[in-house]
Structure formats: structure tokens, C-alpha cells
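S.K.:
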Amino acid sequence: MSRILPEPSAATLKKRQIEILREASARERGYGKIPINSLGLRQVGRAFKATVTPWRALNWTGYAIGFGLFELGLRGAQTLDDLLFPEWREQNIDAPVFVIGNPRSGTTMLHRLLSLDEANFAPYTLAHSLFPSVGVRRLISLGAAIDPKIPGRPLRRFVDGINAVF
-7 MSRILPEPSA
3 ATLKKRQIEI
13 LREASARERG
23 YGKIPINSLG
33 LRQVGRAFKA
43 TVTPWRALNW
53 TGYAIGFGLF
63 ELGLRGAQTL
73 DDLLFPEWRE
83 QNIDAPVFVI
93 GNPRSGTTML
103 HRLLSLDEAN
113 FAPYTLAHSL
123 FPSVGVRRLI
133 SLGAAIDPKI
143 PGRPLRRFVD
153 GINAVF
């Protein structure tokens, strides 16, 4: 005689998902590290199995390799930051300002206005989230300073090419 177990309620499933995400987040905390969401990874695996084609598998493999190399490079740069720029860890943040609000309520405009006051605010930009490393940011600044002196401005053309694609 087999016994049929009742289906868990939506609230129970949601509660379990939140617990899994919290556990994954707690295990993966660290400077600039992207936490691995095991629940999301399983869902991606199921979606991959359901929709896999040779071209799609090759495409996903390319993205995975590219992302892995990008992450590896950032972790290497962050390790160098600890050796070359150890003072970044002692940076005091006295009174942080968080701009939070509903979508389309003016938060972006307020952020941009605050960004103009560089004496009092150090705004977080897309570049900071993509390259959370002092060394990489200094290399980008060095490239931006040297590029106008190079005939044809190759770095500017590279950035314009990326912008045209996206």
C-alpha cells in the first residue's frame, strides 16, 4: 500500500526558497564576489535540459567560459589590491546616503544630481559594479588619460564599438 504525501503549500515552498537563498548568501559573502544561488543554478540546469540544442549548448558554454575568465581576472585583481593597495580596507565611510524609491519617481535624477558634488559624495557607478578593484579602476583611468595622445584613439573606438553593439 503506497501512501501519497500531500503537496506542500505555496507559502511553504516560498519559505524554503528564501531559506536556501539565505544559506547560499551566507556561505558566499565576500568582497566583490558574486554569490552562487544554488536554487537558481538548479533552475537554469532544468531549463537547459528542456531546451538544449547544439547551437544553444555551444552558446551557453561560451558565455560560461567568458564569465569564468572575467571572474577569475577580477579575483586576481582583488588579490593584488590587498597586496598593492592595503589602505582601501581602512577607508572610512562616515555617513552613507542611500537613494531608494519607487521606479519612475526621480531616484536616478537625484543620484545624478548628487554625483555632481564630488567633494561630498562618491557615487557608485556601473563601472564600480563591473570592476570592483582599485587596480583595474586605476588601469582604466590610465588608459583614459593616454588614449587622447594616441593617433586614432583606439580605446575610444573600442568603447564606441561596444556601445554600438549594445
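Under our numbering, the residues of the sequence shown are numbered -7 to 158, in order. Using N, Cα and C, we set each Cβ at its ideal position, and we do this for glycine too.
1. Using the Cβ count rule (16 or more neighbours within 10 Å means buried), how would you classify Val157?
2. Starting from Ile138 and walking both ways along the alpha helix (DSSP H), at which residues does that stretch end?
3. Mapping DSSP to helix, strand and coil, what is Asn112?
4. Kindly examine the ligand SAM and report whether one of its heavy atoms sits closer than 7 angstroms to the Cβ of Asn112.
5. Taking the alpha-carbon positions, what's the Glu79 to Val126 distance?
6. Which same chain residues end up closer than 7 angstroms to Ala69 when comparing Cβ atoms and leaving out the 5 residues on each side of it in sequence?
7. Check whether the region 48 to 55 touches the region 113 to 121, taking contact to mean three or more Cβ pairs, one atom from each stretch, closer than 8 angstroms.
8. Between the alpha carbons of Ile154 and Ile85, how many angstroms are there, rounded?
9. Look at the Cβ atom of Leu33, then the Cβ atom of Leu13, and state whether they are nearer than 8 angstroms.
10. So, at 6 angstroms on beta carbons, what are the nonlocal neighbours of Thr99 in its own chain, with the 5 sequence-adjacent residues on each side left out?
11. What separation, rounded to the nearest whole angstrom, lies between the Cα atoms of Val36 and Val44?
12. Taking the alpha-carbon positions, what's the Phe59 to Thr71 distance?
13. Apart from the five residues just before and just after Leu106, which ones in its own chain have a Cβ nearer than 6 angstroms to its Cβ?
M.R.: Taking the geometry as given:
1. By the neighbour-count rule (16 or more Cβ atoms within 10 Å), Val157 is not buried but exposed.
2. 126 to 138
3. coil
4. Among the components of this structure there are no ligands whatsoever, and the ligand SAM is therefore not found.
5. 11 angstroms
6. Setting aside the 5 residues that flank it on each side, Ala69 is surrounded in the same chain by Ser125, Gly127, Val128, each with a C-beta closer than 7 angstroms to its C-beta; the list follows chain order.
7. No contact exists between the region 48 to 55 and the region 113 to 121.
8. One C-alpha to the other measures close to 34 angstroms.
9. no
10. Val91, Gly93.
11. Near 11 angstroms, if we compare the C-alpha coordinates of Val44 and Val36.
12. 18 angstroms
13. Phe113
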